[in-house]
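Below: the structure, in structure tokens.
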């Protein structure tokens, strides 16, 4: 096992001596002891060789669509600065130890890469936003990560975050959040997505492959199938996506379902889904604790 994966009693930098964190902060940070307790295990050591893949939400930089919506220079750091407690013991606002950095900068991307690779992460699965050709947050990858001098230390793959984009900046409840960008799907748009990925990402030497196939994730496979017209239409779209990759001389495409499976689990192989996982453990905190 790699030495960095044997740090069995690691703690976040924020809890290290001299970091300035108060005693109350301890419950707000993930530690090795907390993981062992929650998972009900005595050891966090991997039982067999594995690759560690972490999701990356790339919202910490200015992006033209979001600036057009919320104002010049806006980033999700604005929400972090303005956050306030909504229940007893809720520690807000958080103070980023690195400051309010711009992850679309190659210099900051290099620092993130070193932090991730140095702590045992092999790959980032990066949230990627495409709404019928409208994009946002891709600058973290295209201007930051791929331009970083140490990019070879970390592989990457895309998860198409193909959900409706709501205005939760903030919102009192999901029902109160207005629509910013609806997600529409068509077979032609699926091909456009893959063509863009072929041009910008799939030929990169550190793009992540599983079993030789380029990993391309989809957050909501159920929504994709529904708006394409069902499981059969999904299978046809995926086949066309694979054909584009093969025609480009890039080999196979590995399609992964990343969160909402749309009750298609028993049909995954038939429709062309190669693997499945879940996008973190998360919950909404509108007016109460998640």
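Numbering (our numbering), first residue to last: 28 to 317. Beta carbons are placed, not taken as given, at the ideal position from N, Cα and C, and that holds for glycine.
Item                                                                                                                                                                                        : Value
Can you list the alpha helix (DSSP H) stretches of 4 or more residues lying completely in the stretch 90–177, in chain order?                                                               : 91–97, 104–109, 133–145
Taking 8 Å as the cut-off, does the stretch 117–131 touch the stretch 187–194 (at least 3 CB pairs, one atom from each stretch)?                                                            : no
Between the C-alpha atoms of residue 300 and residue 246, what's the straight-line distance to the nearest angstrom?                                                                        : 12 Å
Please work out which residues of its chain come closer than 6 Å, Cβ to Cβ, to residue 72, disregarding the five sequence neighbours upstream and downstream, and give them in chain order. : none
Give the DSSP-derived three-state secondary structure of residue 57 in the structure shown.                                                                                                 : coil
Taking C-alpha atoms, which residue in 68, 225, 155, 298 lies nearest to residue 276?                                                                                                       : 225
Should residue 240 be labelled buried (16 or more other beta-carbon atoms within 10 Å of its own) or exposed?                                                                               : buried
Determine, using beta-carbon pairs with one atom in the stretch 208–215 and one in the stretch 155–164, whether at least three such pairs fall under 8 Å.                                   : yes
Quick check on DSSP: helix, strand or coil for residue 50?                                                                                                                                  : Reliability of the predicted coordinates at residue 50 is poor, the pLDDT of 47 falling under 50, and the value obtained from them is presented with this limitation in mind. Of the three classes helix, strand and coil, the one that applies to residue 50 here is helix, per DSSP.
Along the beta strand (DSSP E) that carries residue 273, what are the first and last residues, could you check?                                                                             : No beta strand (DSSP E) contains residue 273, which is instead part of the alpha helix (DSSP H) from 258–274.
Could you check the C-alpha separation between residue 98 and residue 140 for me, to the nearest Å?                                                                                         : 29 Å
Just the Cα atoms here: how many angstroms apart are residue 260 and residue 174?                                                                                                           : 37 Å
On the CB-based measure, 16 or more other CB atoms within 10 Å of its CB, does residue 200 come out buried or exposed?                                                                      : exposed
Of the choices 307, 242, 103, 89, whose alpha-carbon is the least far from that of residue 196?                                                                                             : 103
Between residue 218 and the rest of its own chain, which residues show a CB-CB distance below 7 Å, the 5 nearest in sequence each way excluded?                                             : 267, 268, 271
CB residue 248 to CB residue 284, shorter than 9 Å?                                                                                                                                         : yes
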